[in-house]
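Here is the structure we will look at, set down as structure tokens.
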Amino acid sequence: MNITVLCGGISPERDVSLRSGALVANALKTLGHHVALVDSFVGVENPADANFTTDPSPVPAIAKTEPNLDEIRAKYRAPGDRSVIGKGVIDLCRRADVVFIALHGGEGEGGQIQAALDCFGVRYTGSGHTAAGIALDKDLTKRLLRFAGVDTADWLRFGNGGCADSREKILKEIGIPCVIKPLTGGSSCGVTIVRREDELNQAIALAEKYQSDFIAEKFIPGRELTVGVLEDPETRRARALPAVEIIPRVGGYDYVNKYQAGATAEICPAEIPEDIAKRAAKIAETVHRALGLRGYSRTDIIYDESTGRLVTLEVNTSPGMTDTSLIPLEAKAAGISFPRLCEIIAELGMTSR
10 MNITVLCGGI SPERDVSLRS GALVANALKT LGHHVALVDS FVGVENPADA NFTTDPSPVP
70 AIAKTEPNLD EIRAKYRAPG DRSVIGKGVI DLCRRADVVF IALHGGEGEG GQIQAALDCF
130 GVRYTGSGHT AAGIALDKDL TKRLLRFAGV DTADWLRFGN GGCADSREKI LKEIGIPCVI
190 KPLTGGSSCG VTIVRREDEL NQAIALAEKY QSDFIAEKFI PGRELTVGVL EDPETRRARA
250 LPAVEIIPRV GGYDYVNKYQ AGATAEICPA EIPEDIAKRA AKIAETVHRA LGLRGYSRTD
310 IIYDESTGRL VTLEVNTSPG MTDTSLIPLE AKAAGISFPR LCEIIAELGM TSR
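Position one of the sequence shown corresponds to residue 10 (my numbering), numbered consecutively onward.
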């Protein structure tokens, strides 16, 4: 197949996406596919000159700090230009048999890229634009999960820069400890676990640096699990992969611990009772179907050993595909190599729409 891999973009997860894209491209090339790797924000000067090739692509490292998006936008856009798709990107996508979306957060996980490709009848991996947009919105996701009977932590949403009494409402209705998160986004960017009342204002301010809308969620103590779902290429049935337990060596599972090798212990299959593993798998499959997701996804769950409760936190429709990412780890435990995982996802993109 000729495959265009989209990576980079203009979200706080840009660096992660650049690495995901390069690794996916190289994996597909080892199976004989011809791949064009492109930064969806930067674009290409002349799409006709962009080659679908089997030559390896350089793999960038992930910095320990998030990228400066203002600097990147200033470098590649004229003042006042708020476009998120670079020159020639759509044309290059139209030349491919399928587009592999290796974008995380922002326009690539929120549905804008998908909607643009839909307008041109271009096949692509992962969920459609509507489901992707809903799943990136933590408030909408939690509402739909509650409707589907999936247990999720209590929460409040604050919009338009919060409200004058947001602090008081959080203290009264959610309590401490709690978790403050930007409404959309991933890789734990802008997320704070608030353990003391005097930390709340700073946590809200951090979330609002990323987005004016945020949620305050009740903190659920327990073991952190994540369960991937990969559809069967022949039947399209959603099947859960083995669960991973995430144990950060220092602090929480933040941006640094997620992407710096050795910062986190990731146990797969998770060492949990068999009935808990089955329940977690069923939850991930239910979430995938309830949100109308396609191809693959990953659901984050907290397991409270004292009660046996499994609480769903959020879902990822375009999860990381780096060498420290969780979906590749789960696939490996299921006997699926990384190149074959990437190929399955591409094959699913060919047949999903």
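Note that the Cβ used here is the ideal one computed from N, Cα and C, for glycine as well.
Owing to the predicted nature of the structure, the values given are computational and were not obtained by experimental measurement.
Between residue 28 and residue 140, the C-beta spacing is not below 9 Å. Residue 109 counts as buried, since no fewer than 16 other beta carbons sit within 10 angstroms of its beta carbon. Its chain contains 206 and 209 as the residues whose beta carbon lies nearer than 8 Å to that of residue 180, once the 5 sequence neighbours on both sides are disregarded; these appear in chain order.
Rounded to whole angstroms, the separation of the alpha carbons of residue 202 and residue 211 is 11 Å.
The stretch 16-26 makes no contact with the stretch 55-64; the number of CB pairs closer than 8 Å stays below 3.
Contact check for residue 237 against residue 312 fails: the beta carbons are separated by 9 Å or more.
For residue 43, DSSP records a beta bridge to 11. In the DSSP annotation of this structure, residue 296 is not part of any beta strand (DSSP E); the continuous alpha helix (DSSP H) holding it starts and ends at 283-299. Beta-bridge partners assigned by DSSP to residue 60: none are found. In the pairwise beta carbon analysis, the stretch 152-172 is classified as touching the stretch 317-331: at least three pairs are separated by under 8 Å. Per DSSP, the unbroken alpha helix (DSSP H) holding residue 175 starts and ends at 175-178. Contact between the stretch 241-257 and the stretch 326-342 is present, with at least three C-beta pairs closer than 8 Å.
When the beta-carbon positions are compared, residue 104 and residue 61 come within less than 9 Å of each other.
Positions of the beta strand (DSSP E) runs, each at least 3 residues long and wholly inside the stretch 97-143, are given as 107-110 in order along the chain.
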